[in-house]
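For what it's worth, the numbering used here labels the leading residue of the sequence shown as 104, then goes sequentially. The C-beta atom is built at its ideal place from N, Cα and C for all residues, glycine as well. Read the structure below first, then the notes.
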Amino acid sequence: MNDVTERPGKRVTIHDIARITGVSAATVSGAFSGKRRMSDHTRQMVLATAQEMGFSLDPLAQRLSTGRFANTVALLMDSDLGVATQTMWSLKDLLLQRGFEVHDRNRPIYLGDVEVLQTKMVQEIGLQNPQAILCENERLQPGAIKVLRKYVDNGGVLVCWGSVNASSRSQELAVDHVLLDLEGNTFLQANHLIGLGHRKLGLYGHGGPIQGVTGGSLVGFKRALSESGLEFRSEWTGAACCYETAGMRHAEKFLALKERPTGVCVINDNAAAAFIHSLMRAGLQVPGDVSVVGHDNTAAAEAAFVPLTTVRRPVEEVSLAIVETLCKRLSEGDQRPPHDQVIRGELIIRQSTAAPRLQ
């Protein structure tokens, strides 16, 4: 076994690492820069040996030679009280395990000057010259897209993720996308209720002032109704902000209806749990009077007073697909055309849904 301990006071170089690992100095340099083709095993061996020997890159020399900080990833995304934050944690954990240095930035999405602020943030990230940027594509503004396109044109690696319906704008960028099939998820919600015998269905969305029940969520819901010959009722749909507050507002609207749906799809588990709680406080029974299906499969779904039937948002699978896509682009120098990978959710059945009562 090679002794990786160097003499005290001696600065460890890539030649020292090459000698210990039995590879060339060029391979060691490539393991850090990501510009040389090699196996994941070789890359991880080099990085682990370098860490054990206490090797650190000279940032100035690295930047002068490559123009970018190797093994540095900028993470540009939203944060919330649910799956967005879970995704951020999952991504950072996977990236750190693979030896990347991660700089995360919360992207402005609801402020009045959102495009100006988003563009400025992306420009600041670009000035740092990270080796790669991972960017959520939801509500990505034109100014930010322009800056990201310049980053890609200058040799940067960009991977986007989000939902299928949100990808049209970021598809202006010739980059890889990892996409969640929200249309398919809402179809699963509605189709589950239809399969139980419900013929009157409602859809309640969750989000900020610029969101509503639109895009893939609405398309999937309408597709399920259409395939079963059921009527879409606009008065049984709506959007509100945010989380539990949204659920309470949806409940107020639901309780005020003269004719109510017997099954409701809610695009957020926290909102769905609050919706159920408000209905039960008003004297209704779930699922006796109305069945409810949530979305995300967060802890709120399982811990709710009435355990919530929901569609699981596969956070871990999405995060792994993003990081694996990134690593392939970096390690293989992959010149393939941009690739879209679509990931679908899974229906989790609990106690908030049942067949409708006979009228």
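For ARG352, the enclosing alpha helix (DSSP H) covers residues 346-358. With fewer than 16 neighbouring CB atoms inside 10 Å of its own CB, ASN257 falls in the exposed class.
In the DSSP assignment, THR413 forms a beta bridge with GLY397, ILE451.
Taking the Cβ atoms as the reference, GLY305 lies roughly 12 Å from ILE370, outside the contact range of under 8 Å. In the DSSP annotation of this structure, the continuous segment of the alpha helix (DSSP H) that includes SER381 starts and ends at 372-384. Note on geometry: alpha-carbon atoms of ALA327 and GLU355 lie some 26 Å from one another.
By a beta-carbon distance limit of 8 Å, ASP372 does not contact GLY341. Their separation comes to about 18 Å. Around the beta carbon of GLN154, a 10 Å sphere encloses fewer than 16 other beta carbons of the protein chains shown; the residue is thus reported as exposed.
The continuous beta strand (DSSP E) containing ASP207 extends over residues 204-209.
With a beta-carbon spacing of about 10 Å, THR456 and PRO410 fall beyond the 8 Å limit used to define contacts. Within the same chain, Cβ atoms closer than 6 Å to the Cβ of TRP339 are found at GLY305, PRO364, the five residues on either side in sequence being excluded. ARG460 sits exposed, since fewer than 16 C-beta atoms from the chains shown fall within 10 Å of its C-beta. Classified as exposed, ASP443 has fewer than 16 neighbouring CB atoms from the shown chains inside 10 Å of its CB. Annotation: the continuous alpha helix (DSSP H) that includes VAL250 extends over 245-256.
With a cutoff of 8 Å on beta-carbon distance, SER394 and GLY350 are scored as not near each other. Separation of the CB atoms of LEU198 and VAL426 is rounded to 6 Å, and the pair is thereby assigned contact status at 8 Å. CA-to-CA, the gap between LEU433 and ILE446 works out to about 22 Å. Cβ atoms of VAL186 and ARG415 stay farther apart than 8 Å, at about 10 Å. Taking every protein chain shown into account, the CB of SER422 has 16 or more other CB atoms within 10 angstroms, so this residue is buried. Among the bridge pairs identified by DSSP, HIS309 is matched with ALA343. Taking the Cα of GLU419 as reference, the smallest distance to any Cα among LEU194, PHE357, MET156, GLN226 is reached at LEU194.
Residue range 233-239 is occupied by the beta strand (DSSP E) that includes GLU239. In the structure shown, the three-state DSSP call for GLN221 is helix. The alpha-carbon of PHE203 is positioned some 9 Å away from that of PHE135.
Residue pairing of VAL389 in beta bridges, as defined by DSSP: absent, with no partner found.
Taking the CA atoms as reference points, LEU220 sits about 12 Å from ARG208.
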